[in-house]
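Trainee: 359 is the number of the first residue of the sequence shown in the working numbering; add one for each residue after it.
The beta carbon of each residue, even a glycine, is placed where N, CA and C say it ideally should be.
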Amino acid sequence: MSSLDTKTRGRTSRGRLRALDAYLCRREPELLRRHDGPWARAVFVDVGFGEHPWTTLESADAFRALQPELPVIGVELDAERARAAAAHADARTHFRQGGFELPLGADEPARLIRAMNLLRQGPPERVPEAHRTLGGYLLPSGLLVEGSSDPTGAILTAHLLRRPEGAEAPPTREALLFHTDFSHGFAPLLFRDWLPRDLRRRVRPGEPIHAFFAEWVAAWQEARTAGHTAPPDAFGEAALRLAARTGAVETDAWLLASGFLLWRPREGVPP
Ligand SMILES: C[S@@+](CC[C@H](N)C(=O)[O-])C[C@H]1O[C@@H](n2cnc3c(N)ncnc32)[C@H](O)[C@@H]1O
Numbered sequence: 359m360s361s362l363d364t365k366t367r368g369r370t371s372r373g374r375l376r377a378l379d380a381y382l383c384r385r386e387p388e389l390l391r392r393h394d395g396p397w398a399r400a401v402f403v404d405v406g407f408g409e410h411p412w413t414t415l416e417s418a419d420a421f422r423a424l425q426p427e428l429p430v431i432g433v434e435l436d437a438e439r440a441r442a443a444a445a446h447a448d449a450r451t452h453f454r455q456g457g458f459e460l461p462l463g464a465d466e467p468a469r470l471i472r473a474m475n476l477l478r479q480g481p482p483e484r485v486p487e488a489h490r491t492l493g494g495y496l497l498p499s500g501l502l503v504e505g506s507s508d509p510t511g512a513i514l515t516a517h518l519l520r521r522p523e524g525a526e527a528p529p530t531r532e533a534l535l536f537h538t539d540f541s542h543g544f545a546p547l548l549f550r551d552w553l554p555r556d557l558r559r560r561v562r563p564g565e566p567i568h569a570f571f572a573e574w575v576a577a578w579q580e581a582r583t584a585g586h587t588a589p590p591d592a593f594g595e596a597a598l599r600l601a602a603r604t605g606a607v608e609t610d611a612w613l614l615a616s617g618f619l620l621w622r623p624r625e626g627v628p629p
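So, in structure tokens, the structure goes:
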């Protein structure tokens, strides 16, 4: 265990990260399918799968619909959980004990690394180092997804960090993804308590994430005033208005209908 790794509770519900799987299949099919050069060996790594490896196995199923040979590696700090998960291993699915210094072989570059619900309890100051460390295992253009969700996955947010093409540089903060299944209704501030660790306490005046939420709330209030009151309708209409206000929100119809908002500021998601 390195100084970056700290023990966290390990609750895992089946289906918690299914929406994120759907997002990645829809929006990142090339990342999952790519097979040229080192990509032929490139793995999906699920860091901190929890008490049981349900979410790793669900993602393996979802991603292998696009890439049947995809190697999947579940990593867990807790040695007993890693040992127990080995009962679910097969020729393409492996479970290993380890932390942010990932237990990957030299012939196992990563195409996609997911670290969901790991950093919730630690100090926010360790987040950039965790991103840098994990990002170092990615192939250029590989993706790191790090964020939080409520226990069922009804509300989820995640940083999307991309390793730059052709550079030994740390991953860039490409976008912040928000998802809701509307089971809790909808208001932008629903996401505040489930923001990634480094942003959760930053929704206060003067911070870029506060300014973003202020725009989103204003767009949502306008949408409601215009008669879009049902949660999915209010969400979609607010997203269109927010996109017009900021120029930094995607308006793809599938995203909005599926409860995803993707904030992609040109200069990257502010720290
Ligand atoms: C709350 S569970 C999350 C399970 C699953 N990822 C999810 O989102 O439902 C967190 C798990 O991450 C593990 N963990 C915490 N820090 C870790 C690290 N640095 N490397 C690997 N696993 C870690 C904990 O042991 C725990 O089992």
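With residue 499 as the anchor, note down where its beta strand (DSSP E) starts and where it stops.
Mentor: Per DSSP, residue 499 belongs to the beta strand (DSSP E) from 496-507.
Trainee: Mind checking residue 517: buried by the 16 CB within 10 Å criterion, or exposed?
Mentor: Result: buried.
Trainee: Ignoring anything shorter than 4 residues or poking outside the segment 523-605, list the alpha helix (DSSP H) runs there in chain order.
Mentor: Qualifying alpha helix (DSSP H) stretches, in chain order: 566-583 and 589-604.
Trainee: Below 8 angstroms, is the gap between the Cβ of residue 515 and the nearest heavy atom of ligand 1?
Mentor: Outside the cutoff, so no.
Trainee: Leaving out five residues before and five after residue 593 in sequence, what residues of the same chain have Cβ atoms less than 6 angstroms from its Cβ?
Mentor: The residues are 544.
Trainee: Starting from residue 493, trace the beta strand (DSSP E) in both directions and tell me its first and last residue.
Mentor: Here residue 493 belongs to no beta strand (DSSP E); instead the alpha helix (DSSP H) covers 485-493.
Trainee: Label residue 404 either buried or exposed according to how many other C-beta atoms from any shown protein chain fall within 10 Å of its C-beta, with 16 as the threshold for buried.
Mentor: When all chains shown are included, residue 404 counts as buried.
Trainee: Return the bridge partner residues of residue 432 from the DSSP annotation.
Mentor: 404 and 453, per the DSSP bridge assignment.
Trainee: Can you tell me where the beta strand (DSSP E) with residue 515 in it begins and where it stops?
Mentor: Taken as a continuous stretch (DSSP letters only), the beta strand (DSSP E) holding residue 515 covers 513-520.
Trainee: Rounded to whole angstroms, what is the Cα-Cα separation between residue 497 and residue 371?
Mentor: Roughly 30 angstroms separates the two Cα atoms.
Trainee: Would you grab the beta carbon distance between residue 476 and residue 431 for me? Rounded to a whole angstrom, and I think it's under 8 angstroms.
Mentor: Between residue 431 and residue 476 the Cβ distance is about 15 angstroms, and since that is not below 8 angstroms, they are no contact.
Trainee: Considering just the uninterrupted stretch of the beta strand (DSSP E) at residue 472, what are its terminal residues?
Mentor: Taken as a continuous stretch (DSSP letters only), the beta strand (DSSP E) holding residue 472 covers 468-474.
Trainee: What are the boundary residues of the alpha helix (DSSP H) that residue 621 is part of?
Mentor: Element bounds for residue 621: not the alpha helix (DSSP H) but the beta strand (DSSP E), 618-621.
Trainee: In whole angstroms, give me the CA-to-CA distance for residue 610 and residue 438.
Mentor: Taking the straight line joining both Cα atoms gives about 43 angstroms.
Trainee: Rounded to the nearest angstrom, how far is the Cβ of residue 502 from that of residue 514, given a contact under 8 angstroms?
Mentor: Not really, about 16 angstroms apart at Cβ, beyond 8 angstroms.
Trainee: Indicate whether the contact test is met: 3 or more Cβ pairs, each with one atom in the segment 523-537 and one in the segment 606-621, closer than 8 angstroms.
Mentor: Cβ pair count under 8 angstroms is three or more, so yes.
Trainee: Below 9 angstroms between beta carbons: does that hold for residue 446 and residue 415?
Mentor: Yes, these two residues count as a Cβ contact at 9 angstroms.
Trainee: Whole angstroms is fine: what's the gap from residue 511's alpha carbon to residue 580's?
Mentor: About 28 angstroms.
Trainee: Three or more beta-carbon pairs under 8 angstroms between the segment 372-390 and the segment 420-427, yes or no?
Mentor: Judged by Cβ distances under 8 angstroms, the segment 372-390 makes contact with the segment 420-427, as three or more pairs qualify.
Trainee: Which residues in the same chain have their Cβ closer than 6 angstroms to the Cβ of residue 490, if we skip the five residues on either side of it in sequence?
Mentor: 528, listed in sequence order.
Trainee: Could you check the C-alpha separation between residue 469 and residue 551 for me, to the nearest Å?
Mentor: Those two C-alpha atoms are separated by around 29 angstroms.
Trainee: Could you give the distance in angstroms between the alpha-carbon of residue 458 and the alpha-carbon of residue 411?
Mentor: Roughly 17 angstroms between the two C-alpha positions.
Trainee: Report the rounded CA-to-CA distance for residue 392 versus residue 398, giving the unit in angstroms.
Mentor: Each residue's alpha carbon lies about 7 angstroms from the other.
Trainee: Look at the alpha carbon of residue 507 and the alpha carbon of residue 449, and state the distance between them as a whole number of angstroms.
Mentor: Roughly 30 angstroms separates the two Cα atoms.
Trainee: Going by Cα to Cα distance, which pick from 373, 555 and 575 is closest to residue 547?
Mentor: It is 575.
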